[in-house]
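Written out below as structure tokens is the structure these notes cover.
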Amino acid sequence: MRFTLIKDLKEDMAMKPLLNGLLLFILLYFIADFFVVNASLGLLHEDIKMTLFGNADEFVDPMDKSVFLEYIHGQIFFIMMILLTLSTVYVRLCSIKRYSIIVINTLMLSALLTLISLFLSYFYTPNLLNLYVVSFFIWHILAFIMALHSLWNLNFATSI
Amino acid sequence: MQQAYRYAVLYFLAFSLLLLVSSLLLFDDKIGLSVHGVLEYYLGNEDKFLVEKSWGTILKIILPHIFAFGLFFMVVLHFLLFTKHRTTQLFIKLTYAIFIMGFLELFSPYFIIMGLEFFAYVKLVSFISLELLLLYTLWLLLSSIYQH
């Protein structure tokens, strides 16, 4: 997290390409994540419902409890690490105080809601799947915009 | 610490709590929170058609965890450097305890399949200790954020 201490990142010839690389990889992760989630769990309500609970008419088995727990455990780890990194970079590069706090709160709350609503949907009520879908899209789109905004400021802003 | 960073850390603590809860549920579901469960999981049980875990199978499970544990412990503990606990003995003790418990939790299954059944206790105690130590660290961080 050394980049949080450097005064002018645009003038720092070592840190600028490092952050560019990091932000590009974060963008790639979000794009890849859409495809992986679509293939493994589904992106829309009906697809997710069928993956989690199965469908007797179409001979689709429900997702096993341990498989679900493994999935959500891995998701929590990846989301927490990537969002901590992204939000730290974003605060450093796009430092309009009030605005960045609102963005970070929305991002983190929607990501938390994604995980909690999926967990509750599987164990208690499938009605929360709509909440899962909405919060999933909110945090992915917001994180994507944050990464793009950070990239823009790193390369084109007059002073950061 | 800038207010926006403080929010980022606060949410990180919330995610960490979810991670600990999910790991507890996963451990309970796959292995079970008893010595008998640990032994059965690693040594197998013919009546329940459970096969004994091999070296390779255990390695496949622990490989991603070796990296994830190291990264997670480092990130959580390094936040303590921004608090009043930075220069205390507590920080040093917590760091050693967490990394040692993490090591025992990961590698004790190898001793179990080598026939040292005592390590089922080590596996269980190290897992529970690790959860408690991390919870305590999260609590220290949370209280430090609110003190500011």
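Protein chains in written order, with the numbering used here: chain A, -9 to 150; chain B, 3 to 150.
Using N, Cα and C, we set each Cβ at its ideal position, and we do this for glycine too.
Per-residue DSSP class, three states only, for residue i
i	result
Val37 of chain B	helix
Leu134 of chain B	helix
Val79 of chain A	helix
Leu118 of chain A	helix
Leu27 of chain B	helix
Leu118 of chain B	coil
Any C-beta of chain A under 8 Å from that of residue i
i	result
Phe75 of chain B	no
Ser24 of chain B	yes
Phe105 of chain B	no
Gln4 of chain B	yes
Ser128 of chain B	no
Ser18 of chain B	yes
Tyr14 of chain B	For clarity, residue 14 of chain B is Phe in the given sequence; the question names Tyr instead. So, interface residue.
Leu108 of chain B	no
Tyr43 of chain B	no
Tyr112 of chain B	no
Tyr2 of chain B	Nothing can be reported for residue 2 of chain B, as the shown portion of chain B is limited to 3 through 150.
Beta-carbon gap between residue i and residue j smaller than 8 Å
i	j	result
Leu144 of chain A	Lys6 of chain A	yes
Val40 of chain B	Lys125 of chain B	yes
Ile38 of chain A	Leu118 of chain A	no
Thr85 of chain B	Leu22 of chain B	no
Leu76 of chain A	Leu103 of chain A	no
Tyr44 of chain B	Ile115 of chain B	yes
Ile69 of chain A	Ala101 of chain A	yes
Lys50 of chain B	Pro111 of chain B	no
Phe2 of chain B	Phe121 of chain B	Within the shown structure, residues of chain B are numbered from 3 to 150, placing residue 2 of chain B beyond reach of any answer.
Ile94 of chain A	Tyr9 of chain B	yes
Tyr112 of chain A	Leu12 of chain A	no
Leu79 of chain B	Thr97 of chain B	yes
Met3 of chain A	Tyr80 of chain A	no
Below-8 Å beta-carbon distance, residue i vs any chain B residue
i	result
Asp67 of chain A	Sequence inspection shows Phe at residue 67 of chain A; the Asp mentioned does not correspond to that position. Phe67 of chain A counts as touching chain B.
Val57 of chain A	no
Leu103 of chain A	no
His35 of chain A	no
Met3 of chain A	no
Met53 of chain A	no
Ile91 of chain A	yes
Thr78 of chain A	yes
Leu108 of chain A	no
What residue ranges within the region 17 to 82 of chain A form continuous alpha helix (DSSP H) runs of no fewer than 4 residues, ordered along the chain? Listed in chain order, they are 35 to 43.
Runs of 4 residues minimum, wholly inside the region 56 to 107 of chain B: which ones carry the alpha helix (DSSP H) assignment? As far as the region 56 to 107 of chain B is concerned, its whole alpha helix (DSSP H) runs of at least 4 residues are 57 to 81.
Residues of the region 118 to 145 of chain A in Cβ contact with chain B at a cutoff of 7 Å, in chain order, please. When C-beta distances to chain B are compared with 7 Å, every residue of the region 118 to 145 of chain A stays at or above that value.
By the 8 Å beta-carbon criterion, what residues does the region 50 to 61 of chain B contribute toward chain A? Residues: none.
Proximal residues, the region 27 to 41 of chain B versus chain A, C-beta separation under 9 Å: Listed in sequence order: Leu27, Leu28, Asp31 and Lys32.
With 9 Å as the limit, tell me which residues of the region 75 to 101 of chain B have their beta carbon closer than that to any beta carbon of chain A; keep them in chain order. Those residues of the region 75 to 101 of chain B placed with their C-beta closer than 9 Å to a C-beta in chain A are Val77 and His80, ordered along the chain.
Could you name the residues of the region 18 to 30 of chain A whose beta carbon sits closer than 9 Å to any beta carbon of chain B, in the order they occur along the chain? Identification of residues in the region 18 to 30 of chain A having a C-beta nearer than 9 Å to some C-beta of chain B yields an empty set.
Residues in the region 114 to 143 of chain B having any Cβ partner in chain A nearer than 9 Å: Within the region 114 to 143 of chain B, no residue has a Cβ that lies closer than 9 Å to any Cβ of chain A.
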